[in-house]
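Enquirer: Next up is a structure, given as structure tokens.
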Amino acid sequence: MRVLVTGANGFVGSHLIGALAERGLPARAALRRERQQACGSVLHDRCVVGTIDGRTDWRTALEGCGTVVHLAARVHMMREASDADVAYRETNVDAIRALARQSAAAGVRRFLFASTVKVHGEGRAEPYAEGDAPAPRDAYARSKQQAEQALREIASETGMEATILRIPLVYGPGVGGNFLRLMHAVDAGKPLPFGSVDNRRSLVYVGNLVDAIVACLAHPAAAQQTFLVSDGEDVSTPALVRRLAHALGRRPRLLPVPVALLRLAGSLSGRRAEIERMVGSFAVDSGVIRAAIGWTPPLALDAGLARTAAWYVKAFRSLRPGD
Numbered sequence: 177m178r179v180l181v182t183g184a185n186g187f188v189g190s191h192l193i194g195a196l197a198e199r200g201l202p203a204r205a206a207l208r209r210e211r212q213q214a215c216g217s218v219l220h221d222r223c224v225v226g227t228i229d230g231r232t233d234w235r236t237a238l239e240g241c242g243t244v245v246h247l248a249a250r251v252h253m254m255r256e257a258s259d260a261d262v263a264y265r266e267t268n269v270d271a272i273r274a275l276a277r278q279s280a281a282a283g284v285r286r287f288l289f290a291s292t293v294k295v296h297g298e299g300r301a302e303p304y305a306e307g308d309a310p311a312p313r314d315a316y317a318r319s320k321q322q323a324e325q326a327l328r329e330i331a332s333e334t335g336m337e338a339t340i341l342r343i344p345l346v347y348g349p350g351v352g353g354n355f356l357r358l359m360h361a362v363d364a365g366k367p368l369p370f371g372s373v374d375n376r377r378s379l380v381y382v383g384n385l386v387d388a389i390v391a392c393l394a395h396p397a398a399a400q401q402t403f404l405v406s407d408g409e410d411v412s413t414p415a416l417v418r419r420l421a422h423a424l425g426r427r428p429r430l431l432p433v434p435v436a437l438l439r440l441a442g443s444l445s446g447r448r449a450e451i452e453r454m455v456g457s458f459a460v461d462s463g464v465i466r467a468a469i470g471w472t473p474p475l476a477l478d479a480g481l482a483r484t485a486a487w488y489v490k491a492f493r494s495l496r497p498g499d
């Protein structure tokens with residue numbers, strides 16, 4: 177039976193669609209609106225569902241689907257408004273409640289939800305584990321925790337199998353956001369003030385994440401489980417800069433600026449959260465998924481960075497004269 181993938185036009189979703197096609201697993205993309213470029217030519221089974229919230233009618237999209245991978249989510253807002261919790265709840269909580277209930281009614285066997293490690297909180301030096309109490313700090317993380325709970329309740333009521341993956345920062349070909357900005361800076365040889373940072377952060381290569389998703393769809397022991405997933409190797413910010421530079425064939429330029437000064441600058445400039453992501457620790461222990469279903473990441477961190485760098489060079493260096 178088919179796998180219904182929401183958010184199929186996104187960064188992770190487009191990679192998942194490709195991986196399912198490579199494995200000969202039929203998939204259907206649930207799209208807010210029709211777009212050709214992200215899914216490419218590997219997928220012809222698409223269903224436009226419009227706005228994704230608590231009022232979405234999923235019945236057509238769910239026809240003939242035995243599993244659901246729910247990737248679609250509101251991740252960012254232009255600014256954290258006073259009603260941010262409401263905005264995130266509509267897309268991230270109300271939507272999964274509607275989709276999960278309709279999935280169970282349609283006979284879906286397993287529902288996999290892409291959550292975030294941020295439900296655990298932030299700022300702890302020790303790695304987080306699945307058994308740690310949730311302590312979300314912002315509206316996005318709170319909405320993901322509420323979505324997890326809604327899915328668990330519906331799965332318990334209906335007997336549908338549910339799997340939740342808590343995911344750290346994802347990188348790989350097609351990445352955007354802060355990781356892409358860091359790659360631009362490293363590739364351009366810009367000096368970066370992270371030479372004195374001593375932190376630990378977990379990442380996951382998009383191909384490793386997709387492999388974990390596919391493994392969880394099939395393995396009986398993944399039912400009714402919550403897993404943290406990562407590359408299995410934590411890295412400090414300066415080490416990441418050095419390894420990215422190596423992958424890009426550039427020389428890293430790291431300045432030993434005191435972390436306290438960086439945090440002060442972040443507070444004064446209104447970029448406190450952005451700076452904290454670069455200087456603070458956020459590591460996870462992904463041992464449970466390995467023990468439960470025998471999953472290990474196919475690619476090590478350096479291999480994932482090498483593939484990301486190869487994509488970057490092809491996508492961006494040709495746009496700059498002299499490279």
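In case it helps, the working numbering puts the sequence shown at residues 177 to 499.
No residue lacks a Cβ here, since even glycine has one placed at the ideal position from N, Cα and C.
Nothing here was measured: the structure is a model prediction, and the numbers come from that model.
#1: Given that a residue counts as buried once 16 or more other Cβ atoms are within 10 Å of its Cβ, and exposed if not, what is residue 455?
#2: Rounded to whole angstroms, what's the CA-CA distance from residue 448 to residue 392? Just pull it up for me.
#3: Can you give me the Cβ contacts of residue 316 inside the same chain, cut-off strictly under 6 Å, excluding the 5 residues immediately before and after it?
#4: Grouping DSSP H, G and I as helix and E and B as strand, with all else coil, what is residue 370?
#5: With a Cβ-Cβ cutoff of 8 Å, do residue 411 and residue 428 count as a contact?
#6: Look at residue 295 and residue 404 and say whether their C-beta atoms are less than 8 Å apart.
#7: Residue range of the beta strand (DSSP E) that residue 242 falls in?
#8: Helix, strand or coil: which one does DSSP assign to residue 449?
#9: Are the Cβ atoms of residue 334 and residue 285 separated by less than 8 Å?
#10: By Cβ distance, which residues of its chain are closer than 6 Å to residue 323, with the 5 residues on each side in sequence left out?
#11: Return the bridge partner residues of residue 343 from the DSSP annotation.
#12: CB-CB under 7 Å to residue 434, same chain, minus the five flanking residues each way: which ones, in chain order?
#13: Is DSSP giving residue 183 helix, strand or coil here?
#14: Which class does residue 362 belong to by DSSP, given the choice of helix, strand or coil?
Expert: For this structure:
#1: Residue numbering aside, residue 455 sits at position 279 when the sequence shown is read from its first letter. Classification for residue 455: buried.
#2: As a first step, residue 448 is located in the sequence shown; it is residue number 272 there, counting from the start. As a first step, residue 392 is located in the sequence shown; it is residue number 216 there, counting from the start. If you take the alpha carbons of residue 448 and residue 392, they lie about 36 Å apart.
#3: Taking the sequence shown and counting its residues from 1, the one referred to as residue 316 is at position 140. So the list reads 264, once near-sequence residues are dropped.
#4: As a first step, residue 370 must be located in the sequence shown, where it is residue number 194. The answer is coil: DSSP assigns residue 370 none of H, G, I, E or B.
#5: Start at 1 with the first residue of the sequence shown, and residue 411 comes out as number 235. Start at 1 with the first residue of the sequence shown, and residue 428 comes out as number 252. No, these two residues do not count as a Cβ contact at 8 Å.
#6: On the sequence shown, residue 295 is found 119 positions in, with the first residue counted as 1. On the sequence shown, residue 404 is found 228 positions in, with the first residue counted as 1. No, the pair does not count as a contact, with Cβ atoms beyond the cut-off.
#7: Within the sequence shown, residue 242 is the residue found at index 66, counting from 1. Run containing residue 242: 241-246, per the beta strand (DSSP E) assignment.
#8: The sequence position of residue 449 within the sequence shown is 273, counting from 1. The answer is helix: DSSP assigns residue 449 an H, G or I state.
#9: In the sequence shown, residue 334 corresponds to position 158, counting from 1. In the sequence shown, residue 285 corresponds to position 109, counting from 1. Cβ atoms of residue 334 and residue 285: not closer than 8 Å.
#10: Numbered from 1 along the sequence shown, position 147 holds the residue referred to as residue 323. Same-chain partners within the cutoff: 268, 269, 272.
#11: As a first step, residue 343 must be located in the sequence shown, where it is residue number 167. Partner(s): 292.
#12: Here residue 434 is taken as the residue at index 258 of the sequence shown, counted from 1. Once the five neighbours on either side are set aside, the close Cβ partners of residue 434 are 372.
#13: Translated into the one-based positions of the sequence shown, residue 183 becomes position 7. Reduced to three states, the DSSP call for residue 183 is coil.
#14: Indexing the sequence shown from 1 puts residue 362 at position 186. Note: residue 362 maps to helix in three-state DSSP.
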